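Q: Would you mind keeping the following structure in view while I ask a few things?
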Amino acid sequence: MNSIVGHNNNEKNKPEILQSQYDKYKIIMGNYDKIIENQIENMKKLFKTDLEKLEDEIEKFSYTVKKNYPKIEDLDNNIDIMEKLNNCKENEKNYFEIEKKCNDL
Numbered sequence: 001m002n003s004i005v006g007h008n009n010n011e012k013n014k015p016e017i018l019q020s021q022y023d024k025y026k027i028i029m030g031n032y033d034k035i036i037e038n039q040i041e042n043m044k045k046l047f048k049t050d051l052e053k054l055e056d057e058i059e060k061f062s063y064t065v066k067k068n069y070p071k072i073e074d075l076d077n078n079i080d081i082m083e084k085l086n087n088c089k090e091n092e093k094n095y096f097e098i099e100k101k102c103n104d105l
């Protein structure tokens, strides 16, 4: 895989490589954002009668998301973010299960 920063001597290919990486990143981020939205909805359902608990859980989840949000350079480090996201999506019905799996992203 060619690196974004890479040592590719063929300058003509650089814009295509960058576009390809960017397109891949957009797909990953779209999936990641959907998981985040679903997660927050699940939390709202779980803690609808306990607003204080809901706030705490959303705060913890927000911290986890910020800490683990995929970065474009991760695509070049052979990290299979897409596979990990798919594993998370399979379990998105269970709030605690998705948090556990997504913590490894």
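The sequence shown runs 1 to 105 under the UniProt record's numbering. No residue lacks a Cβ here, since even glycine has one placed at the ideal position from N, Cα and C. Remember, predicted model here, so these are calculated numbers, not experimental data.
(1) For Thr49, does the three-state DSSP call read helix, strand or coil?
(2) Would you call the stretch 26-43 and the stretch 51-70 touching, i.e. three or more CB-CB distances under 8 Å?
(3) Does the beta-carbon of Lys48, which I'm using as the reference point, lie nearer than 7 Å to any heavy atom of the ligand MN?
(4) When we look at the beta-carbon of Glu55 and count the other beta-carbons within 10 Å, is it buried (16 or more) or exposed?
(5) If Lys53 sits next to Phe47, beta carbons under 8 Å apart, how far is it from one beta carbon to the other, in whole angstroms?
(6) According to the Cβ coordinates, are Lys58 and Ile40 closer than 8 Å?
A: Here's the rundown:
(1) In the sequence shown, the residue the question calls residue 49 occupies position 49. In the structure shown, Thr49 falls within a coil segment according to DSSP collapsed to helix, strand and coil.
(2) Yes: at least three Cβ pairs fall under 8 Å.
(3) Judged by which ligands are present, the structure shown has none, so any question about the ligand MN falls away.
(4) The residue labelled residue 55 in the question sits at position 55 within the sequence shown. Around the beta carbon of Glu55, fewer than 16 other beta carbons sit within 10 angstroms, so the residue counts as exposed.
(5) In the sequence shown, residue 53 corresponds to position 53, counting from 1. In the sequence shown, residue 47 corresponds to position 47, counting from 1. Yes, they are in contact, since the Cβ atoms of Lys53 and Phe47 sit about 5 Å apart, within 8 Å.
(6) Taking the sequence shown and counting its residues from 1, the one referred to as residue 58 is at position 58. Taking the sequence shown and counting its residues from 1, the one referred to as residue 40 is at position 40. Going by the sequence as given, residue 58 is Ile instead of Lys. In contact: Ile58 and Ile40 (Cβ atoms closer than 8 Å).
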